[in-house]
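Residue numbers 6 to 497, in the numbering used here, belong to the letters of the sequence shown in order. Taking it in order: structure first as structure tokens, then the write-up.
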Amino acid sequence: MRSKFNVNAKNYLLSKETSRLDHFLSHDWGSSRWLKLVALLVIHNSGPAFCASLATSLLVGVLVSCKLLPYSLWTVLIGHFSFFFVFCFWQRIRGLFFRPLMVFLDTLCIAQHDEKLKQKGILGLGAFLVNSKKLVVLWTPRYFERLWCTFEIATFMKDPDKRGQIHIMPLKMGALVVMYAAFWHVLGLSYAIFYMTRQAQTGAGITTTMYTSGLMLAFAGLVVPVVFYFGVGFLQDLADLPQRFEEFRVQDAKCYCCSNGHKHPKTGASLPCDRRLVFKTLRKFYHARDGEPGGEVGEDYMDRFNTVVREELAPELLSTLQRTGLPLRYLVCVLTSATHPSLCFFIPRWWSQLPELENGAVLTVTLRFFVNWACFGTACLFSAGLMNKMGKVALRLRRHGVFRSHWCMQAMLLPPLVLVTGLLWFSVVLSVVATDHSSLLCLAPFSIQVVATAVLLGVAPSPHRRLPSEGGESPKVQQPAEERCEVDIFEV
6 MRSKFNVNAK NYLLSKETSR LDHFLSHDWG SSRWLKLVAL LVIHNSGPAF CASLATSLLV
66 GVLVSCKLLP YSLWTVLIGH FSFFFVFCFW QRIRGLFFRP LMVFLDTLCI AQHDEKLKQK
126 GILGLGAFLV NSKKLVVLWT PRYFERLWCT FEIATFMKDP DKRGQIHIMP LKMGALVVMY
186 AAFWHVLGLS YAIFYMTRQA QTGAGITTTM YTSGLMLAFA GLVVPVVFYF GVGFLQDLAD
246 LPQRFEEFRV QDAKCYCCSN GHKHPKTGAS LPCDRRLVFK TLRKFYHARD GEPGGEVGED
306 YMDRFNTVVR EELAPELLST LQRTGLPLRY LVCVLTSATH PSLCFFIPRW WSQLPELENG
366 AVLTVTLRFF VNWACFGTAC LFSAGLMNKM GKVALRLRRH GVFRSHWCMQ AMLLPPLVLV
426 TGLLWFSVVL SVVATDHSSL LCLAPFSIQV VATAVLLGVA PSPHRRLPSE GGESPKVQQP
486 AEERCEVDIF EV
């Protein structure tokens, strides 16, 4: 994913022949390769990393309960390590036991060092797209300004049956989720350190819980502003997207060769025009057929393509990006994994109490331990949902000129975010610590936390959206100005 002009013939050797592609990666060449890497890790590795972290933490918790491992801080570290190890290296692990994913990446699968092979690859892009099960779009604000990107996604959409197989991953959103997950992992580890240290000194109780919670709240106040700052920028990118679609013309789309005057920026050698190759393919797909209005064959293909992008592609992608931004399953896998390692000390504590309990009290104590453990993961999701809503408020305030300084806006909006999240989590933990082991009072604040999280993340099913392929008029791209900032970034 380096610059287009950093050509290495050895990269082409990484490709191989196949009869079927699992994913076709559509990306903007100019965007950060590190952001693309993080986005792909979220897409392909977050689920296995979630499962590995949960299984490892459960196993370690059982081994500690059986006295096969010590009740120590390093056992908690195993759960955190397992998540990030699998998150980074799952594809290599998978390759040892299963068929690897076959992915089309243009920089590797189209020869960049041989112009004849390159031209064949470009002319065959349609075949690559047709034979791909899913189109993975690594979206950036400039994505639809690039000639190749628009061509790839519009070509994939020519098959109505495949329109549901377009998977959009905003690069900034992937990085934000990983950044926020790292924060919660550090927070979870810090909680374990403070709690276990304090417990050894004074024992478990209300004082230990309040002390640890206060330190966590202070730490969150230092990190959340950074995530919020980048999150608001991402929401602004989504809010500007309708206008970009409205002004789209394939004639204005950019490509590297034309932007550099068809000269290699390093050697000065002449470069063939990619635009001509793309337009040749567009003419094949979108020319006026016999008996259709539009004049002679080939005269109207650009206008036809522009119409497809504005009236068919734009409404579907806007409904995905502006309503969702990131599938909820990724958010759950990446964020809630931070609570798995704490099973290493929750399970031994639960196990040690079982011999002293009567049969009827086992279920009650088990529920109390589950609530005490799960409320941390729910707080992760609650804070993400609340941050999304706060981001929408921030965009409204900025649009109306209420705050000229971004830092003043953060000073107004972030304290409620941190305090509400902290208080909701603390109320659940306190209801466990401050009540007798036979009480299920903790279920009340925990239920409130769960319901509030579900509402913020929009878990309720959305009304069915009518797609252009189903008949009827295509929805308009234009949105009222006052609605353009109403952006949700999560999807069930």
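Ideal Cβ placement from N, Cα and C applies to all residues, glycine included.
The beta carbon of L40 is closer than 6 Å to those of L176 and A180 in its chain, skipping five residues each way along the sequence. The three-state reading of DSSP puts F103 in coil, since its state is none of H, G, I, E or B. Going by DSSP, I173 is part of the beta strand (DSSP E) stretching over I171 to P175.
Of the residues A159, Y148 and L143, the one whose Cα lies closest to the Cα of M178 is L143. Annotation: G129 to T286 spans about 9 Å, alpha carbon to alpha carbon. The closest CA to that of A439, considering only T458, V398 and N377, is found on N377. Within the DSSP bridge table, the entry for K259 names R151 as partners. Here DSSP, grouped into helix, strand and coil, assigns F29 to strand.
Annotation for G427: L222 place their beta carbon closer than 6 Å to its own, counting only its chain and skipping 5 residues before and after. For S137, the enclosing beta strand (DSSP E) stretches over residues S137 to W144. Contact check between the region 127 to 141 and the region 22 to 42: three or more CB pairs, one atom from each, fall below 8 Å, which counts as touching. Exclusion of the five residues before and after V183 leaves V43, V47 and V339 as the residues of its chain whose Cβ lies within less than 7 Å of its Cβ.
With a contact defined as Cβ atoms closer than 8 Å, L462 and G390 qualify at about 4 Å.
The closest CA to that of R334, considering only F55, R38 and K21, is found on F55. Comparing alpha-carbon positions, the option among L78, A132 and I171 lying closest to C114 turns out to be A132. The beta carbon of L63 sits closer than 7 Å to the beta carbons of L348 from its chain, once the five residues preceding and following it are set aside; these are given in chain order. With fewer than 16 other Cβ atoms inside 10 Å of its own Cβ, P360 counts as exposed. Between the C-alpha atoms of R354 and L446 there is a straight-line separation of about 20 Å. Within the same chain, Cβ atoms closer than 8 Å to the Cβ of G238 are found at K177, the five residues on either side in sequence being excluded.
DSSP places Y306 inside the alpha helix (DSSP H), whose first and last residues are Y306 to V313. Under DSSP, V108 shares a beta bridge with H28. According to the DSSP secondary-structure assignment, S410 is paired through a beta bridge with no residue. In this structure, the straight-line span from the alpha carbon of N50 to that of A319 is close to 29 Å.
About 44 Å separates the CB atoms of A225 and L152; that is not less than 8 Å, and the two are not in contact. F233 and M392 do touch by the CB rule: their CB atoms are close to 6 Å apart, below 8 Å. Taking 7 Å as the cut-off, the beta carbon of S58 is found closer than this to the beta carbon of H345. If you compare the alpha carbons of I171, F387 and D111 with that of S324, the shortest gap goes to I171.
Taking the Cα positions, L192 is about 28 Å away from D441. The three-state secondary structure of L19, taken from DSSP, is coil. In this structure, DSSP gives L73 a state outside helix and strand, which the three-state scheme calls coil. Closest in alpha carbon position to R288, among D305, D279, L122 and S275, is D305.
In this structure, DSSP gives I98 a helical state, which the three-state scheme calls helix.
For T202, the three-state secondary structure derived from DSSP is helix. Less than 7 Å separates the beta-carbon of V455 from that of T383.
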